[in-house]
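Undergrad:
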Amino acid sequence: MLIETESTPNPMTVKFLPGRTVMDVGTRDFPTPEAAASSPLADALFAIGDVTGVFFGRDFISVTAAPGIEWSLLKGDVITILLDHFSAGMPLFHAGSASDIAVADDTPMFAENPEDADIVEQIQDLIATRIRPAVNGDGGDIVYRGFDQGKVYLTMQGACAGCPSSTATLKNGIEQLLKYYVPEVTEVRAV
């Protein structure tokens, strides 16, 4: 088994490609060791000690290193854990855990105005078809969290969470695209 690696725009995060499906449906973000308790693989990656985030995408795993950690020292340990996990055919999640069916939580943060239903549908369609594939390519995901009075609320995950260029991505990329296709959008905010 060969595991390829790719750099991401976030210098602290590396994207690992095991050459097989990781998540059949959705994505899963593990921003803390406590969040990783439902996944033997995420738990093992955090157990290295120098890992501060794990993210599962459709065909990749993004791993974020602690500040000051050199990827040249950490990459071998991560690859060993991934090889052991996938070669042994271990499950991604503990059986029966609520997380063994994981999809992005795109539940709005607040009650949305029913009159905005068409606008929200357009925004979610653009996220699904144009924005999410690009963000996945960078080792992360973007989750819709709401629309209120022209403002779109989004959460960045994986390599995109905490990335130095995430603000530029939100403002210069995502906000401009949404404003172009959905004139009712006036601003995009990260939450």
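So the mapping is simple: this note's numbering equals the position in the sequence shown, first residue as 1, plus 20. For each residue, glycine too, the CB sits at the ideal point set by N, CA and C. Here the structure is a predicted model, which means the values were calculated and not measured.
(1) Counting pairs of Cβ atoms below 8 Å between the region 31 to 50 and the region 159 to 169, do you hit three or more?
(2) At what residue ranges does the region 52 to 103 contain a whole run of the alpha helix (DSSP H), taking only runs of 4 or more?
(3) Residue 44 by DSSP, collapsed to three states: which one?
(4) Looking only at DSSP bridge pairs, what is residue 211 linked to?
(5) Is residue 32 near residue 84, with beta carbons less than 8 Å apart?
(6) Tell me whether residue 137 is buried or exposed, calling it buried when 16 or more other Cβ atoms sit within 10 Å of its Cβ.
(7) Any heavy atom of the ligand GDP inside 7 Å of the beta-carbon of residue 111?
(8) Does the beta-carbon of residue 145 have 16 or more other beta-carbons within 10 angstroms, so that it is buried, or is it exposed?
(9) For the putative contact between residue 104 and residue 37, defined by C-beta atoms under 8 Å, what is the C-beta separation to the nearest angstrom?
(10) Buried or exposed, going by whether 16 or more other CB atoms sit within 10 Å of the CB of residue 44?
(11) Thinking C-beta only, is residue 165 closer than 8 Å to residue 110?
(12) Kindly identify the DSSP beta-bridge partner or partners of residue 174.
(13) Just mark residue 156 as buried or exposed, buried being the case when its beta carbon has 16 or more other beta carbons within 10 Å.
(14) If I'm right that residue 178 touches residue 77 with Cβ under 8 Å, what's the distance once you round it to whole angstroms?
(15) In the DSSP output, which residue or residues are listed as bridge partners for residue 35?
(16) Counting C-beta neighbours from all protein chains within 10 Å, is the total for residue 21 16 or more, i.e. buried, or is it exposed?
TA: In short:
(1) yes
(2) 60 to 67
(3) For the purposes of this step, residue 44 is identified with residue 24 of the sequence shown, where counting begins at 1. Three-state result, residue 44: coil.
(4) In the sequence shown, residue 211 corresponds to position 191, counting from 1. BP columns for residue 211 are empty, so no partner.
(5) For the purposes of this step, residue 32 is identified with residue 12 of the sequence shown, where counting begins at 1. For the purposes of this step, residue 84 is identified with residue 64 of the sequence shown, where counting begins at 1. In contact: residue 32 and residue 84 (Cβ atoms closer than 8 Å).
(6) Within the sequence shown, the letter at position 117 stands for residue 137. Classification of residue 137: exposed, given that the 10 Å Cβ count is below 16.
(7) With respect to the ligand GDP, the structure shown offers nothing to examine, as it has no ligands at all.
(8) For the purposes of this step, residue 145 is identified with residue 125 of the sequence shown, where counting begins at 1. With fewer than 16 other Cβ atoms within 10 Å, it is exposed.
(9) Locating residue 104 in the sequence shown gives position 84, counting from the first residue. Locating residue 37 in the sequence shown gives position 17, counting from the first residue. Not really, about 17 Å apart at Cβ, beyond 8 Å.
(10) In the sequence shown, the residue the question calls residue 44 occupies position 24. Burial call: exposed.
(11) In the sequence shown, residue 110 corresponds to position 90, counting from 1. In the sequence shown, residue 165 corresponds to position 145, counting from 1. Not in contact: residue 110 and residue 165 (Cβ atoms no closer than 8 Å).
(12) Your numbering for residue 174 matches position 154 in the sequence shown. Answer is 164, 210.
(13) Counted from its first residue, the sequence shown places residue 156 at position 136. Classification of residue 156: buried, given that the 10 Å Cβ count is 16 or more.
(14) Position 158 of the sequence shown, counted from the start, is the residue given in the question as residue 178. Position 57 of the sequence shown, counted from the start, is the residue given in the question as residue 77. So it is a contact: roughly 7 Å between Cβ atoms.
(15) What you label residue 35 is simply residue 15 of the sequence shown in a count that begins at 1. Looking at the DSSP assignment, residue 35 forms a beta bridge with 26, 82.
(16) In the sequence shown, counting from the first residue as 1, residue 21 sits at position 1. Result: exposed.
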